[in-house]
Amino acid sequence: MRFPGLLAITLALSAAPAAQWPRQPTPEQPEQAPTIKVDVDVVNVLCTVRNRNGGLVKDLTKDDFQVYEDGKLQPIRYFSRETDLPLTIGLLVDVSRSQERLLETEKRAAAQFFSQVLRKQDMAFLISFGSDAQLEQDFTNSQRLLRAALEGLRVRSDPGGLYPGPVPTVTRPRGTVLFDAVYLAAREKLRG
415 MRFPGLLAIT LALSAAPAAQ WPRQPTPEQP EQAPTIKVDV DVVNVLCTVR
465 NRNGGLVKDL TKDDFQVYED GKLQPIRYFS RETDLPLTIG LLVDVSRSQE
515 RLLETEKRAA AQFFSQVLRK QDMAFLISFG SDAQLEQDFT NSQRLLRAAL
565 EGLRVRSDPG GLYPGPVPTV TRPRGTVLFD AVYLAAREKL RG
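The sequence shown begins at 415 in my numbering and counts up by one.
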């Protein structure tokens with residue numbers, strides 16, 4: 415009868431040092447990107463179709479489109495024209511010395527563009543760039559405010575205001591800060 419008790423004590427004592435034995439570190443597994451799987455019934459695909467001359471093609475039906483997923487043709491169940499979606503427009507105008515003879519033409523073309531395209535539900539802003547980038551008019555749907563900002567544009571050749579600017583340069587930039595203007599528009603104004 416002593417044998418089972420002795421066996422239990424022996425097993426308990428032999429397990430204690432094993433519990434204190436230094437463990438081998440487990441090799442780190444490379445972190446895997448999470449996989450997200452979603453089962454959806456409807457996917458919106460927005461597109462604009464132009465003809466060879468650049469004009470909009472307006473009379474398309476769902477039979478004019480094919481949608482593939484992983485090489486397999488998918489049925490188009492719903493089809494509609496979304497011609498009334500609100501627009502967000504950012505207009506960047508070069509006001510560097512190289513545009514001196516063209517600036518008035520550019521201003522007229524921009525004003526005409528806004529008057530033909532901008533609707534009540536749309537928003538637009540205006541950035542000028544030359545040796546620096548400046549927000550001339552923040553988001554608005556007002557034709558009057560956009561025209562006033564356009565009329566106020568002048569050729570600038572002063573040394574820049576944003577040097578070195580958000581887009582790094584090795585030396586003082588020569589020419590325009592187009593990339594800084596695009597950065598300002600995309601990062602500061604169009605960021606959701």
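Built from N, CA and C at the ideal position, the CB exists for glycine as well.
Check                                                                                                                                                                              : Outcome
Kindly indicate which residue of Arg495, Arg601, Ala538 and Ile541 has the alpha-carbon position closest to the one of Leu460.                                                     : Arg495
Within the same chain, show all residues whose beta-carbon is closer than 8 angstroms to that of Val596, passing over the 5 residues directly before and after it, in chain order. : Leu506
Step through the CB atoms of chain B and report whether any lies within less than 8 angstroms of the CB of Ser510.                                                                 : The chain labelled as chain B is not found in the depicted structure, where only one protein chain is given.
What do you reckon, are the CB atoms on Thr502 and Leu592 nearer than 8 angstroms?                                                                                                 : no
Within the chosen definition, does the stretch 555-563 reach the stretch 525-541 through at least 3 CB pairs nearer than 8 angstroms?                                              : yes
Should Leu547 and Asp594 be called a contact, given that it needs their Cβ atoms to be closer than 8 angstroms?                                                                    : Contrary to the premise, residue 547 reads as Ala rather than Leu in this sequence. Contact: yes.
Buried or exposed: where does Ser542 fall if 16 or more other Cβ atoms within 10 Å of its Cβ makes it buried?                                                                      : buried
Express the C-alpha separation of Leu470 and Gln530 in angstroms, rounding to a whole number.                                                                                      : 15 angstroms
Would you mind reading off the limits of the alpha helix (DSSP H) that contains Ser529?                                                                                            : Leu517 to Val531
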